[in-house]
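Heads up, the thing below is written out as structure tokens.
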Amino acid sequence: MFKSTNLDMFTFPFTNFKNKTYRYSNDLVELSGDKVNFMKITPEYKAQIKRKREMLEKQPEVRYQSFPHTMEMQWEFVELLIDLSTAKYPEHFSVEKDGDQWTFTNHILEETEVFTFGDESSIELEPYDMIGRHFHHDYMLMVNRDDNFYLEVAQESFAALFSPHWNLGMSFDEIHGPVPFVSRDGIDLVDRIRKFLLTIEPGVPRTRVNWNLMADRWDVNYETMDIWGPQREKVTPENAGELVHLRVEEQWFIRMPRSNAILFVLDTQFLPMEDLIKRPEWLEITYFNLADIPDYMAEYKGMAPFLPQTVEYLKNLIDSMKEKDKQEKGEEHFVQ
Ligand code: HEM
Numbered sequence: 074m075f076k077s078t079n080l081d082m083f084t085f086p087f088t089n090f091k092n093k094t095y096r097y098s099n100d101l102v103e104l105s106g107d108k109v110n111f112m113k114i115t116p117e118y119k120a121q122i123k124r125k126r127e128m129l130e131k132q133p134e135v136r137y138q139s140f141p142h143t144m145e146m147q148w149e150f151v152e153l154l155i156d157l158s159t160a161k162y163p164e165h166f167s168v169e170k171d172g173d174q175w176t177f178t179n180h181i182l183e184e185t186e187v188f189t190f191g192d193e194s195s196i197e198l199e200p201y202d203m204i205g206r207h208f209h210h211d212y213m214l215m216v217n218r219d220d221n222f223y224l225e226v227a228q229e230s231f232a233a234l235f236s237p238h239w240n241l242g243m244s245f246d247e248i249h250g251p252v253p254f255v256s257r258d259g260i261d262l263v264d265r266i267r268k269f270l271l272t273i274e275p276g277v278p279r280t281r282v283n284w285n286l287m288a289d290r291w292d293v294n295y296e297t298m299d300i301w302g303p304q305r306e307k308v309t310p311e312n313a314g315e316l317v318h319l320r321v322e323e324q325w326f327i328r329m330p331r332s333n334a335i336l337f338v339l340d341t342q343f344l345p346m347e348d349l350i351k352r353p354e355w356l357e358i359t360y361f362n363l364a365d366i367p368d369y370m371a372e373y374k375g376m377a378p379f380l381p382q383t384v385e386y387l388k389n390l391i392d393s394m395k396e397k398d399k400q401e402k403g404e405e406h407f408v409q
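The opening position of the sequence shown corresponds to residue 74 in our numbering, with each subsequent residue numbered one higher.
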């Protein structure tokens with residue numbers, strides 16, 4: 074599997090919480106100009122695509138679902154992904170458009186998709202599924218009806234506690250039903266955030282960062298709970314550095330101009346606890362936040378069986394880092 078190797082490209086989740094601890098909130102923010110285009114090719118690109126395609130091949134129904142009436146929206150999605158990728162990475166992706174005859178080339182994978190735009194019979198997969206397999210994100214299309222959003226197309230390989238199979242057709246409120254979604258002051262957030270989502274305009278997407286911890290596992294959904302549930306018991310303060318990963322989802326919420334749906338894009342990244350030492354300030358903030366997670370949140374996030382061991386591991390790591398620092402300073406002093 075993969076972990077983030079270029080930490081400058083890793084989305085550290087607790088940046089805004091330096092002096093606070095983590096609680097649920099309406100943490101949607103506006104994007105800076107350079108981030109509106111969500112395409113991001115990291116050193117892990119090929120490993121991510123390999124994994125994504127394997128999941129889609131192995132469990133096609135769990136990983137991809139759509140309603141038959143979504144084809145027009147699916148083509149809108151194809152156009153968006155091609156436009157964004159060729160604009161940001163012209164050296165990696167290119168497109169030739171001859172009327173409706175489009176040729177999209179992925180130069181990293183040396184693959185070409187030739188199709189008639191708007192005509193599903195010109196390709197083997199559905200349009201959303203075909204183009205989504207060139208990019209490492211998970212994608213969910215939420216159709217806006219009656220002041221709510223309904224999941225009508227989804228392709229996902231990394232999402233946690235979620236699958237297209239499980240969630241197709243659900244509303245925003247239903248999807249968030251299991252989340253103990255209250256703010257620091259005890260206010261119920263589902264309604265407030267749904268109303269906020271209604272205000273998102275085309276061309277002005279919003280973003281937020283979600284995070285979790287994973288024990289020796291990269292995806293957890295309800296269909297495989299019998300496998301990953303017991304794996305969480307293996308974690309000890311000694312092996313937590315290697316087994317437990319900080320799992321970060323950078324999320325985009327994009328209003329599609331033609332269909333008026335909200336496209337929900339997830340960029341899922343992983344960093345093992347032991348790699349936090351490469352950024353000592355991240356290590357301390359992570360420890361501070363994890364040590365304060367309330368029980369109800371640890372239970373919901375599925376990390377309750379291994380959170381105390383992970384916190385102990387981080388504390389030991391910080392102590393040993395400080396001890397080493399002290400010794401080095403002492404030695405410097407001695408040499409002078
Ligand atoms: C409109 C598209 C959205 C979809 C399809 C969606 C989907 C989901 C799903 C499936 C979960 C459960 C999985 C998990 O716990 O990681 C979840 C959890 C959650 N969602 Fe959303 N969501 C959407 C929008 C939002 C927005 C706009 C917010 C803004 C604050 C939000 C905040 C949360 C939070 C805080 C959780 C709990 C996650 C955790 O504690 O790990 N969601 N969402």
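Where is the CB? At the ideal position from N, CA and C, for every residue including glycine. Note that the structure is a prediction, hence the values are computed from the model and not measured.
Distances from the alpha-carbon of His209 to those of Gln382, Glu401, Val338 and Ile350 put Val338 closest.
Runs of the alpha helix (DSSP H) spanning 4 or more residues and lying entirely within the stretch 200-229 occur at 200-205, in chain order.
The closest CA to that of Leu214, considering only Val384, Pro278, Asn283 and Ile335, is found on Ile335. If you check the C-beta of Lys374 against the ligand HEM, you find a heavy atom less than 6 Å away. With respect to the 7 Å criterion, Val135 and Ser236 are classified as neighbours on the basis of their beta carbons. Counting along the chain, no beta strand (DSSP E) covers Arg136; the unbroken alpha helix (DSSP H) around it starts and ends at Pro133 to Arg136.
Under the three-state reduction of DSSP, Phe150 is assigned to helix. Contact between the stretch 120-128 and the stretch 139-150 is not established, with fewer than three Cβ pairs separated by less than 8 Å. Taking non-hydrogen atoms of the ligand HEM into account, the C-beta of Ile273 is found less than 6 Å away from none of them. Taking one beta carbon from each stretch, the stretch 276-283 and the stretch 315-326 have 3 or more pairs nearer than 8 Å; the two touch.
Annotated three-state conformation of Ile327 is strand, per DSSP.
Taking the CA atoms as reference points, Trp301 sits about 9 Å from Asn294.
DSSP, reduced to helix, strand and coil, places His165 outside both helices and strands of the structure shown, so it counts as coil. Remark: the shortest separation between the CB of Val338 and any heavy atom of the ligand HEM does not fall under 6 Å. Distance from the CA of Met243 to the CA of Ile273, rounded to the nearest whole angstrom, comes to 20 Å.
Setting aside the 5 residues that flank it on each side, Asn217 is surrounded in the same chain by Asn333, Ala334 and Ile335, each with a C-beta closer than 7 Å to its C-beta; the list follows chain order. Residue side-chain check: Ala233 places its Cβ nearer than 6 Å to a non-hydrogen atom of the ligand HEM.
About 7 Å separates the CB atoms of Met394 and Ile350; that is less than 8 Å, so the two are in contact. Taking non-hydrogen atoms of the ligand HEM into account, the C-beta of Tyr97 is found less than 6 Å away from one of them.
Using a cutoff of 6 Å, the CB of Val293 does not count as near the ligand HEM, since none of the ligand's heavy atoms is closer than that.
A contact between stretches requires three or more CB pairs, one per stretch, nearer than 8 Å, and the stretch 106-114 meets this requirement with the stretch 155-166. For Met146, the shortest C-beta to heavy atom distance toward the ligand HEM is 6 Å or greater. Setting aside the 5 residues that flank it on each side, Ala364 is surrounded in the same chain by Val384, each with a C-beta closer than 6 Å to its C-beta; the list follows chain order. In the structure shown, the three-state DSSP call for Glu347 is helix.
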